[in-house]
Amino acid sequence: MKIKEINAKKILTISRISEQMYSLNPYIGCQHSCKYCYATFMKRFTNHKENWGNFIDVKINSPYLLKEELQKAKRWEVMLSSVTDPYQSIERKYALTRECLEILLKYQFPVSILTKSPLVLRDIDLLIRFENLEVGFTITTDDDEIKKIFEPFSPSIYERIKALEILHRRGIRTYAFIGPILPLNPENLVKKLRKIVDFVYIDRMNYPKKVINLYRKHGLESYLNEDYFYKMGHELKKFFNLEQVEVKILF
Ligand code: SF4
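First residue of the sequence shown: 5, per our numbering; consecutive thereafter.
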């Protein structure tokens, strides 16, 4: 793993995911190294020759920049993060996400966190003090064997569910991002999530070319077609609705 400390020029960027939202990415690169990762396009801007997952640029001036930029920012929601995981393991050492949260808390900016890591629990003392904050976990399947194929270095599904449960019990608004939909049992996944999330987003595999060979290698091709995503999206929605959990399908 090549780790480099850098000074970024800017830390808040206007999000392309949603209107009136900023993205805040304290790192470039991601140690989770998911096979379907959409963020690999970042390599085009940074000239990294290493494979995605084998490098991290640490934006060590993130808190300093954030303090400066918040002075002129609109009161939009700040999303941590859009092209990295703000709680990947390097965050244990640098605590940049934590420092940024401390600043956002001071000004009570609305915050949305999306992660795959229970390291977010380290910052629960800050999270509970926000007036407007939500924490989401990406959970793409209920089957850890499937997870290992597509997300080899990310925390287990059990660890994510446990973390969601703890956050939810502490009164934090929580959600699950089921995307991309990997092979899964919808009833089983809904059973695990129904009491610990306030809402759910569902998305299909948006970059099938990246993973087609991996699906073939494991005999999973049938889980990569349009019908599967539509069927599974609607099955998940049906089971969540029975549990009174709000669902948004993004495709
Ligand atoms: S956790 Fe997100 S950013 Fe990190 S490798 Fe996986 S998909 Fe990409």
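Heads up, the beta-carbon is just placed ideally off N, CA and C, and yes, glycines get one too.
Buried or exposed (CB count within 10 angstroms, at least 16 for buried), residue i
i, result
"L246", "exposed"
"T50", "exposed"
"P156", "exposed"
"G140", "buried"
"K221", "exposed"
"S22", "exposed"
"E95", "buried"
"M5", "exposed"
"R164", "buried"
"D231", "exposed"
"L254", "exposed"
Where residue i falls: helix, strand or coil (DSSP)
i, result
"D147", "coil"
"V124", "helix"
"A180", "strand"
"D89", "coil"
"Y26", "strand"
"I94", "helix"
"G140", "strand"
"L188", "coil"
"S158", "coil"
"V221", "A small fix is needed here, since residue 221 is Lys in this sequence, not Val. Correct three-state label for K221: helix."
"F203", "strand"
"E54", "coil"
7 Å Cβ cutoff met for residue i and residue j
i, j, result
"T144", "L186", "yes"
"V204", "F243", "no"
"P212", "L188", "no"
"F154", "K14", "no"
"L28", "V82", "yes"
"Y91", "V115", "no"
"H36", "S226", "no"
"P184", "L100", "no"
"L130", "E73", "no"
"V249", "K241", "no"
"I216", "G237", "no"
"E135", "Q112", "yes"
"K120", "T88", "no"
"A146", "N192", "The sequence as given places Asp at residue 146; Ala does not occur at that position. In this structure, N192 lies closer than 7 Å to D146 by Cβ."
Stretch-stretch touch, CB-based, cutoff 8 Å, three pairs: the stretch 173 to 181 with the stretch 197 to 206: yes
Stretch pair the stretch 41 to 58 + the stretch 102 to 120: three plus CB contacts closer than 8 Å: no
Touching by the beta-carbon criterion (3+ pairs, under 8 Å), the stretch 5 to 24 and the stretch 59 to 78: yes
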